[in-house]
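Asker:
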Amino acid sequence: MSRTTLVWALVSLCSVQMALAQEDSTKATSLSEVVITATRFPEKVSETGKVISIISREDISRAAGKDLAQVLNEQAGIIVNSAYSNPGKDKSIFLRGAKPDYTLLLIDGVLVSDPSGAGGAFDIRLFPVEQIERIEILKGAQSTLYGSDAIAGVINIITKKGADKPAQVYGNIAAGSYHTLKTGIGINGTAEGTSYNIGFTHYQTDGISEAEDTTAAKSFDKDGFSENAFNADFDVKVAKGLRVKPYFRYSYFKGDYDGGSFTDGDGKYTAQLLTTGVQAAYQFGRGSLTAFYDYDEIDRNFADMYGAYPYSGNKKTLELYGNYAFGDHVQLLAGIHYDKQKMNDNAATPKNPTAELTSPYLSLFLRKLGGFNLELGGRYNKHSSYGDNFTWSINPSYTINNAVKIFSNYASSFKAPSLSSLFGPYSANPDLKPEESTTLEGGIQATILKGVLDLRAVYFNREIKNVIIYGPSFTMVNLDKQKDHGLEIEPTLYIGKKLTLKVFYAYVDGKVTTQNNGKDSTYSNLIRRPKHSVGVNIGYQVTPHFYVSTQLSNYSKRSDLFYNMATYAQEPVTLSAYTLWNAYAEYAFLKNHLRLFADLKNITGTKFTEVYGYSTMRFNMMAGLKITI
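Each residue of the sequence shown is one higher than the last, beginning at 46 in this note's numbering.
1) Starting from the Cα of residue 532, find the closest Cα among 524, 513, 519 and 553 and give me that residue.
2) Enumerate in chain order the residues of its own chain whose CB-to-CB distance from residue 674 is below 8 angstroms, with the five nearest sequence positions on each side excluded.
3) Roughly how many whole angstroms lie between the Cα atoms of residue 143 and residue 585?
4) Let me know the secondary structure DSSP gives residue 405 once reduced to three states.
5) Mind listing, in chain order, the continuous alpha helix (DSSP H) runs of no fewer than 4 residues lying wholly within the segment 71-123?
6) Just curious, the beta strand (DSSP E) that residue 431 is in, first and last residue?
7) Sorted by chain position, which residues of the same chain lie with C-beta nearer than 7 angstroms to residue 208's C-beta, five sequence neighbours on each side aside?
8) Please state if the CB of residue 670 and the CB of residue 646 are separated by a distance shorter than 9 angstroms.
9) Straight-line CA distance for residue 129 to residue 136?
10) Can you pull the DSSP bridge partners for residue 196?
11) Buried or exposed for residue 270, please, with buried defined as at least 16 other CB atoms from any protein chain shown within 10 angstroms of its CB.
12) From this set, 488, 384, 395 and 394, which residue's C-alpha is nearest residue 426's C-alpha?
13) What does DSSP give as the partner residue(s) for residue 261 in the beta ladder?
14) With the cut-off set at 9 angstroms, would you say residue 478 and residue 523 are in Cβ contact?
15) In angstroms, rounded to a whole number, what distance separates the CA positions of residue 154 and residue 582?
16) Can you give me the Cβ contacts of residue 79 inside the same chain, cut-off strictly under 6 angstroms, excluding the 5 residues immediately before and after it?
17) What residue range does the beta strand (DSSP E) around residue 559 cover?
18) Out of 202, 248 and 203, which has the shortest C-alpha to C-alpha gap to residue 221?
19) In this structure, what does DSSP give as the bridge partners for residue 280?
20) Express the C-alpha separation of residue 311 and residue 368 in angstroms, rounding to a whole number.
21) Nearest to residue 372 by alpha carbon, out of 411, 355 and 434?
22) Would a C-beta distance cut-off of 9 angstroms place residue 41 and residue 420 closer than the cut-off?
23) Using CA coordinates, which residue listed in 456, 442 and 465 is at the minimum distance from residue 393?
24) Could you check if residue 146 is buried or exposed, using at least 16 other CB atoms within 10 Å of its CB as the buried criterion?
25) Does the Cβ-Cβ distance between residue 83 and residue 183 come in under 9 angstroms?
26) Determine the burial state of residue 246: buried for a count of at least 16 other Cβ atoms within 10 Å of its Cβ, exposed for fewer.
27) Check the C-beta distance from residue 110 over to residue 252 and give it rounded, since I have them as a contact under 8 angstroms.
28) Looking at residue 493 and residue 500, is the spacing between their C-beta atoms short of 9 angstroms?
29) Which partner residues of residue 480 appear in the DSSP bridge assignment?
30) Looking only at its chain, what residues have a beta carbon closer than 6 angstroms to the beta carbon of residue 665, apart from the 5 residues adjacent to it on each side?
31) Whole angstroms are fine: how far does the CA of residue 655 sit from the CA of residue 513?
32) Less than 9 angstroms separating the beta-carbons of residue 241 and residue 274?
33) Starting from residue 466, follow its DSSP beta bridges and name the residues at the other end.
34) When the Cα atoms are used, what is the spatial distance from residue 395 to residue 469?
35) Check the Cβ-Cβ distances between residue 433 and every residue of chain B, and say whether any is below 9 angstroms.
36) Please determine if the segment 108-127 and the segment 324-338 are in contact, where contact requires at least 3 C-beta pairs separated by less than 8 angstroms.
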């Protein structure tokens, strides 16, 4: 049977079955779901007009054969470039078509970034999926609640918590293609008001050649990758209503990289992340008060035949916020955020530059007013380099019989210039202003047919001004304007307690306007981002112990830019559309204490390209076991 026949057979199966995945798996569009990221306190999806998706604990537990990039890449409106390239290759998150540094990443509600990076985006290779409990994805402009970088949205990684007994040991071991090995062990529990989770994970692979080998000899070597990660989280009850939560996380990875597109090389890189901090939370009557301090330190080093290139930086964050409910209809959230970032670079001007950002913010929530809900918010931002700016949000929604929600969101957002752009050794400009955006989105969300069908449809329009680019004067400048719009449709159908069909369709298009010789020039610039993406997730709880699922994803053709070493110029290329078919199976026994699993990816062995001149994985798999005692 041909690969094409296999793919279309699966499509036909999806159409006939109209279902699959167990009842407690991801219900990203369920109005009854309780989330935290949308408002910074627990709230039902039916009472907020925000667009939020959830990757549940069950979904994460079935991702033992994946990394974080592949987990995120399965979500509507998210493209993680290089998710299926060499495991050690850098990964880029495109949320609703926005570039990676327009998406803010949080770990347990605390922002993470890389002060030494060109755009400041966090490297998701530094966080293993085995340490994750669930993920909440908040789309749209969110700077009023979360500050800089939240132009396209926020991804909140919520870490594994303590078990509901004094001590539980858990672990996993898996092996697969390219001599890949993943192992992990941990202990968590709850006793006398204190919960804890301590874990260690190891991941190693021989990988594939990072660069695509088009030589006759096929002599490019494999580019391996390995990672070790440790985490320790505690949640201590100090007094009635008061809890203190210290944490410590460390991860280190190393790997090989090639010389560029279609070019072999012997480059080596290392990266390490140290995160530590403490959070205090006090619950009282109708309100709560939360304070936290966080310290992050990132060190990266690249070395090849031309030399070594070290990058390092750190970030200190201090935040205090509280919320209070004035009865059942009015709630107020107020807080103040402070962070200081430092880039360790003696070649920068000044040496080892820093930047500070202080931001008080306020949000008012009106809810349950005959089905009407409204969020109004504002945030003042004072930056040590560019001065100040203000962001705002208006977010009304209307719920009918707790089954249908109509919503809209009109908000502004911003991204502060990175330390590298302001003070770095190459092309820096200390006079840069923040990139600023406005986003308008609206849609409908429904749980109908007695809970059989969940549906969400959203349209968004985003405009960004003062986009920072490498300008004609060979320095970073605020010059471009970016306009994007798109549509996301996500139906989920449940049949009984065993069958579910989850589908998504996402469309995005955008253009950038730049000045050339005093004249405006407009062109499409959604590089490596497909206009159309479709996903079908199918799964079946065959017995209480046996679960299977399958996934079909299609991505339309994309544009890319290739630097031609012969002409010393960038050339546009078109990347072909492609379809991927994945499958997963899991069997639990010994009262669910032991689970065997197999994760198959790119079953048809499709040859496709994510980045021009770089390899992607053909058919590959992971199999192993997970244990809890």
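For every residue, glycine included, the Cβ atom is placed at its ideal position computed from N, Cα and C.
Answerer: With the structure as the only source:
1) 553
2) 213, 214, 215 and 638
3) 34 angstroms
4) strand
5) 102-106 and 113-118
6) Per DSSP, residue 431 belongs to no beta strand (DSSP E) and is neither H nor E.
7) 233, 234 and 235
8) no
9) 10 angstroms
10) Residue 196 pairs with nothing; no bridge assigned.
11) buried
12) 384
13) According to DSSP, residue 261 bridges with nothing at all.
14) yes
15) 28 angstroms
16) 87 and 89
17) 544-561
18) 248
19) 240
20) 53 angstroms
21) 411
22) Residue 41 is absent from the structure shown; the chain starts at 46 and stops at 674.
23) 465
24) buried
25) yes
26) buried
27) At roughly 16 angstroms, the Cβ-Cβ gap does not stay under 8 angstroms, so residue 110 and residue 252 are not in contact.
28) yes
29) 460
30) 222 and 646
31) 25 angstroms
32) no
33) In DSSP, residue 466 forms no bridge with anything.
34) 9 angstroms
35) The question asks about chain B, but that chain is absent: this structure has only one protein chain.
36) no
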